[in-house]
Structures are given as C-alpha cells and as structure tokens.
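Reading through the structure tokens given below for one structure.
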Amino acid sequence: MRYRLKSFEGPLDLLLHLIEANEIDIYDIPISEITDQYLAYLDQMDRIELDSASEFLVMAATLLEIKSKMLLPPPPVQEPEPDDVFEEGPDPRAELVRQLLEYRKYKRAAEVLKALEDRRALVCSREPADLSAFLAQEPDEPLRPAADPVHLWAAFRRVMRNLAARRAVATVRRDDIPVRKRMWDILRLLREHGRRLLFSRLLGDRPSRMEVVATFLAVLELAKRKAVGCSQERLFGEIVLWEREGARAFELFPDEIDY
Numbered sequence: 004m005r006y007r008l009k010s011f012e013g014p015l016d017l018l019l020h021l022i023e024a025n026e027i028d029i030y031d032i033p034i035s036e037i038t039d040q041y042l043a044y045l046d047q048m049d050r051i052e053l054d055s056a057s058e059f060l061v062m063a064a065t066l067l068e069i070k071s072k073m074l075l076p077p078p079p080v081q082e083p084e085p086d087d088v089f090e091e092g093p094d095p096r097a098e099l100v101r102q103l104l105e106y107r108k109y110k111r112a113a114e115v116l117k118a119l120e121d122r123r124a125l126v127c128s129r130e131p132a133d134l135s136a137f138l139a140q141e142p143d144e145p146l147r148p149a150a151d152p153v154h155l156w157a158a159f160r161r162v163m164r165n166l167a168a169r170r171a172v173a174t175v176r177r178d179d180i181p182v183r184k185r186m187w188d189i190l191r192l193l194r195e196h197g198r199r200l201l202f203s204r205l206l207g208d209r210p211s212r213m214e215v216v217a218t219f220l221a222v223l224e225l226a227k228r229k230a231v232g233c234s235q236e237r238l239f240g241e242i243v244l245w246e247r248e249g250a251r252a253f254e255l256f257p258d259e260i261d262y
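Here's what the structure looks like:
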C-alpha cells in the first residue's frame, strides 16, 4: 500500500485517516492490519516534531499491546456447569474505539466551525456612522413618547370606524379640501389652543370622509416637515400634537404643497 504523506495533528488523527481510507468499520477495527499500516506510516515520515513524537510512539505501543492481546489464546477455563452463563471478556479495542469516536466528533465540529469562518470572511462590514449632526434639536420641555405613522394610522382608523357607526343622514356633495389649507388650519388651531391639541379635536362632530382623509394627510405632511410633533401615552390612546420649529419654514415656503 502506498501512502500520501501529509501532516496529522496527532496519532488519533492518523488512525482515523487510515480507518476512513480503508473504509473500515470503526466499531470492528482489524488491529493487526491497522497496526502494520500505522508503523509503516511512521517509518516513511521524513520529519516529526519532538513535541508530538512521544504521542505517536505511545499510540504505536498501545496498538502493539492490543494486537498481542488479540493474538494470544484465551485463558483456560474450568468445565462450565450446565447452569453457568458464558460471558466473553472485555474487548481490548474498546478504549481505542471510544477515543476515536470522541476525536471524530470534535473533528467534525471543527470542520463546521471552519466552514462558518470561511463564509464569514466573505462578508464585509463597516463601522456605524456618526449621524448626530443630522439629528433635529428637540424642544427643551419634556415631551411624551413620539408617535410614529403606525399610531397615526391607528387613530385614523378609529375615527373612520366611529364615522361608520354613526347613522347620520347622508348628503350628496362634493368635498374638495386642499391638504395645504388643512395644514394651515392645524397650525392655526394649535396656536389658538396653546400650541398643543388632541388629534380628535382637529375634526368636528360630524366630519366627512374627505375631511378626515385631508386632516390625516395634513398631519403626516406637517410631521414630515417637522412643523408638528406627535406623542401618545399608551397604545390606542389619544395622540397629542404640538408645534415645532419647522412650522416657521412651512409659513415661509407654503407653495411647496400643491394638493
């Protein structure tokens, strides 16, 4: 048999390589054959590290010991009685098989970790950028937790459900409410009520659907331009609006909103 010499991490690594190369059942190792191949491999090694040389030699001695035990005839036993139960002695290979199974488990785990490391090496990442210069300056007074568009949408749906629940007399008319005009109305109402107002107060007792939609879009547009702020103390609770520094910019450039 010819060997392709390569470096092994230890005697168990070499033994496992020989077992897999010969397609041997690890639970039924032919010790005589494996021992001969192991010793032949050591003879062909050009160089071996001093730190690991003792490990290879100890394994060689262990293999020779197991081989000799398996070659020796079993010790004589007395004539068994009819009721005696025959039990075989312990397999000399049992401890070696246990070590090989344990080593194979850790070796496969190391291969999985190495594959994950190689995959991670293909991923490029960057440090988080400093965005503090782009953060808007918040008012000095303490504010309630900010309400995001999801909460505004929930409030809008509640208003629409309330409208559907009311059985008002339907009137046929065309509602044409510009969002820009509704934005002006919201800023005016905020200043009339001390720059703070509940979202529900923006609508009358019986608002039309177009009034609700125009008001909702106006609040979103004002929040986008930082002209108003929104907060909500609890889930599905009232949304509070207050005037922010962006209201002045909207007053200076109102023509940017054309719907």
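First residue of the sequence shown? That's 4 in the working numbering, and the numbers climb one at a time after it. Note that CB positions come from ideal geometry on N, CA and C, so glycine has one too. Just so we're clear, the structure is a prediction, and the values are computed from it rather than from any experiment.
| Asked | Found |
| --- | --- |
| Residue nearest to residue 156 in terms of C-alpha spacing, selected from 230, 239, 22, 205 | 239 |
| Check whether residue 193 and residue 246 have beta carbons under 8 Å apart | yes |
| Whole-angstrom distance between residue 132 and residue 17, CA atom to CA atom | 50 Å |
| Rounded straight-line distance, which links the Cα of residue 153 to that of residue 207 | 23 Å |
| Outcome for residue 42 when other beta-carbon atoms lying within 10 angstroms are tallied against a minimum of 16 | exposed |
| Residue 212 (DSSP reduced to helix, strand or coil) | helix |
| Contact between the stretch 28-38 and the stretch 97-106 (3+ Cβ pairs under 8 Å) | yes |
| Which of helix, strand or coil DSSP assigns to residue 199 | strand |
| Beta-carbon spacing of residue 73, residue 14 below 8 Å | no |
| C-beta atoms of residue 225 and residue 231 nearer than 8 Å | yes |
| Start-to-end residues for the beta strand (DSSP E) that takes in residue 242 | 242-246 |
| For residue 126, three-class secondary structure by DSSP | coil |
| Same chain, Cβ closer than 7 Å to residue 7, neighbours up to 5 away in sequence not counted | Per-residue confidence for residue 7 stands at a pLDDT of 40, beneath the threshold of 50, marking its modelled position as unreliable; no derived number is given. |
| Span of the beta strand (DSSP E), counted from its first residue to its last, around residue 234 | 231-235 |
| DSSP-derived helix/strand/coil call for residue 132 | coil |
| Where residue 96 sits in the DSSP three-state scheme | coil |
| DSSP-derived helix/strand/coil call for residue 28 | coil |
| Nearest residue (CA-CA) to residue 35, options 23, 19, 71 | 71 |
| 8 Å CB neighbourhood of residue 88 in its chain, flanking five on each side removed | Bear in mind that a pLDDT of 48 at residue 88, under 50, signals an unreliable position, so the model cannot answer this. |
| Extent of the continuous alpha helix (DSSP H) run through residue 45 | 34-47 |
| Outcome for residue 115 when other beta-carbon atoms lying within 10 angstroms are tallied against a minimum of 16 | exposed |
| Where residue 121 falls: helix, strand or coil (DSSP) | helix |
| Contacting residues, own chain, Cβ-Cβ under 7 Å from residue 158 (five flanking each side not counted) | 202, 242 |
| Distance, residue 124 Cα to residue 151 Cα | 38 Å |
| Residue 160, DSSP secondary structure in three states | helix |
| Helix, strand or coil at residue 151 [DSSP, three-state] | coil |
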